[in-house]
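Colleague: Can you keep this structure in mind? I'll have questions shortly.
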Amino acid sequence: MFVIMMLSACGGGGEPSEVTTPAQSVVITNDVATTTLKDGSVVETAALVALGDLLYHDQNLSTPAGQSCASCHLQTAGFADPNQNNPTSIGADSINFGTRNSPTASYSAHIPEFQTVQRVPVAGGQPQATFIGGLFWDGRANDLEEQAMGPFLNPVEMANPDEATVIDKVRNSAYAGDFEALFGANILNDSARSYEYVADAIAAFERTELFSPFNSTFDQVLAGTAVLTQQERRGQNIFNGRAQCARCHLAQPDEVELFTDFQYHNIGVPSNPLLPALMNDSTFVDLGLGAVTGNAQDDGKFRTPTLRNIALTAPYMHNGVFTTLREVIEFYNTRDTTFNNLPEVPRNVNDALNIGELGLSEQDIDDLIAFMSLLSDQ
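Take 744 as the starting number for the sequence shown in this note's numbering and just add one per residue.
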């Protein structure tokens, strides 16, 4: 695991034109001097991470310039979009919006590759083949490298027409020499290979402790250097008990505490009337995992997100329909009873979770929020 010290990610607000700069005074120590890339190349780890830092924060890599990875995944916002006023992130053109809420990039290095495993369903019974892992809400990217390739060519996010356009921008950057020193002279003349190396570098940066510090108050409690307040203790008990949060946002035994089962569920999240895609097209429906697998039984399912940094990463759900943690908990507490909005995808809704029948009081909700707020990185 890499250790990054003396970090400060600059930038603020949610406007793509806002300048975000790489982490300053980065000091990297690690016990792995070199990294073997997917194509078999062996490169210096520290140099790879440093290059990934530059690429992650470079706003010139969008069309038009002004949008970087950090624009929608900023450290001070829990590696999510700092602009919490919109359900989804605005694109490079400062006009169009994406169709989904930007998920946090924190702890994404711990998400397993997209795969099928045998898991006991939430409702119990015999183990069944279950999809887990993968990046993006729908798991369409197997790993961080594959994920890093997506936004550059997304017609809204960074809006580059092709890989060659991205590499032309890298060729004209201040770090082009660093790129060639790491991957070889004239490598930027090979757009396809260079594009893969761009993804390799960003993925390496996202695998550092900057993104996965495990230094929240909750981690301090686990380490014995902090204690829970009475309210936080009540919230933890409710989280693991009556609220049933831990059925999906579980802490894996003998593993790092990530508060996710990495599985895909349709919990009946309602449509968001403020979603730009829905405002532009009243028939818009996000099928989630179903659009990836082509199986109608997967329609409306999205991967369970980590709860780390949850207090920092509003809005919530794949379509940003809830703006506060209280709204999220109220949905779980009253779905199918008092919530008057229908699920975006009514078929395949998982009814085994007792959502809507939790019976939580206002005090219970306050206690839950207090506990989940402990999961923010320091």
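All C-beta atoms, glycine included, are put in the ideal place defined by N, C-alpha and C.
Please list, in chain order, all residues of the same chain as residue 921 whose beta carbon is under 8 angstroms from its beta carbon, the five residues on each side excluded.
Modeller: Residue numbering aside, residue 921 sits at position 178 when the sequence shown is read from its first letter. Taken in chain order, the residues that qualify are 790, 793, 794 and 797.
Colleague: Who are residue 853's beta bridge partners in DSSP?
Modeller: Locating residue 853 in the sequence shown gives position 110, where the first residue counts as 1. For residue 853, which the question treats as bridged, DSSP gives no partner whatsoever.
Colleague: Evaluate residue 1094 with the Cβ neighbour count: other Cβ atoms within 10 Å of its Cβ, from every protein chain shown; 16 or more gives buried, anything less gives exposed.
Modeller: Position 351 of the sequence shown, counted from the start, is the residue given in the question as residue 1094. Answer is exposed; the Cβ neighbour count stays below 16.
Colleague: So the candidates are 1040, 895 and 839; which of them puts its Cα closest to the Cα of residue 1030?
Modeller: Position 287 of the sequence shown, counted from the start, is the residue given in the question as residue 1030. Closest by alpha carbon: 1040.
Colleague: Which residues in the same chain as residue 803 place their Cβ atom closer than 6 angstroms to its Cβ, once the five residues preceding and following it in sequence are excluded?
Modeller: Indexing the sequence shown from 1 puts residue 803 at position 60. 912.
Colleague: Below 6 angstroms CB to CB, which residues in the same chain sit around residue 823 once its five sequence neighbours on both sides are set aside?
Modeller: Start at 1 with the first residue of the sequence shown, and residue 823 comes out as number 80. Contacts found: 845, 847 and 1056.
Colleague: How close, in whole Å, do the beta carbons of residue 1002 and residue 992 come, if the pair is a contact with beta carbons under 8 angstroms?
Modeller: Counting from one through the sequence shown, the residue named residue 1002 turns up at place 259. Counting from one through the sequence shown, the residue named residue 992 turns up at place 249. Yes, residue 1002 and residue 992 are in contact; Cβ-Cβ is about 4 angstroms, under 8 angstroms.
Colleague: Tell me the DSSP secondary structure of residue 1051 in three-state form.
Modeller: Here residue 1051 corresponds to residue number 308 of the sequence shown, with the count starting at 1. Looking at residue 1051 - three-state DSSP - the assignment turns out to be coil, as it is neither helix nor strand.
Colleague: For residue 1087, name the three-state secondary structure that DSSP assigns.
Modeller: As a first step, residue 1087 must be located in the sequence shown, where it is residue number 344. DSSP places residue 1087 in coil when its eight states are reduced to three.
Colleague: Under a Cβ-count criterion, where at least 16 other Cβ atoms within 10 Å of its own Cβ denotes burial, should residue 871 be classed as buried or exposed?
Modeller: For this step, residue 871 is matched to residue 128 along the sequence shown. Looking at its Cβ environment, which holds fewer than 16 other Cβ atoms inside 10 Å, residue 871 is exposed.
Colleague: Have a look at residue 810 and residue 1010 and give me their C-alpha separation to the nearest angstrom.
Modeller: Mapped onto the sequence shown, residue 810 falls at position 67. Mapped onto the sequence shown, residue 1010 falls at position 267. Using only the alpha carbons, I get a separation of about 32 angstroms.
Colleague: Can you list the alpha helix (DSSP H) stretches of 4 or more residues lying completely in the segment 894-960, in chain order?
Modeller: Listed in chain order, the complete alpha helix (DSSP H) runs (minimum 4 residues) inside the segment 894-960 are 906-914, 919-926 and 934-949.
Colleague: Could you please give the first and the last residue of the uninterrupted alpha helix (DSSP H) stretch that includes residue 987?
Modeller: Reading the sequence shown from its first residue, position 244 is the one you call residue 987. No alpha helix (DSSP H) contains residue 987, which DSSP labels as neither H nor E.
Colleague: Got a sec? Which residues, its chain only, sit under 7 angstroms from residue 756 by beta carbon, not counting five neighbours each side?
Modeller: Indexing the sequence shown from 1 puts residue 756 at position 13. For residue 756, the pLDDT reaches just 33, beneath the cut-off of 50, and the residue's location in the model is therefore unreliable, although a value from the coordinates is still provided. So the list reads 825 and 826, once near-sequence residues are dropped.
Colleague: Would you say the beta carbon of residue 861 comes nearer than 7 angstroms to a heavy atom of the ligand FMN?
Modeller: Absence of the ligand FMN from the depicted structure is noted, as is the absence of any ligand whatsoever, leaving it without description.
Colleague: Counting only runs of 3+ residues fully inside the segment 856-896, write out the beta strand (DSSP E) ranges in chain order.
Modeller: DSSP runs (the beta strand (DSSP E)) wholly in the segment 856-896: 858-862 and 871-875.
Colleague: Would you decide whether residue 821 is buried or exposed? Buried here means 16 or more other CB atoms lie within 10 Å of its CB.
Modeller: For this step, residue 821 is matched to residue 78 along the sequence shown. With 16 or more Cβ atoms within 10 Å of its Cβ, residue 821 is classed as buried.
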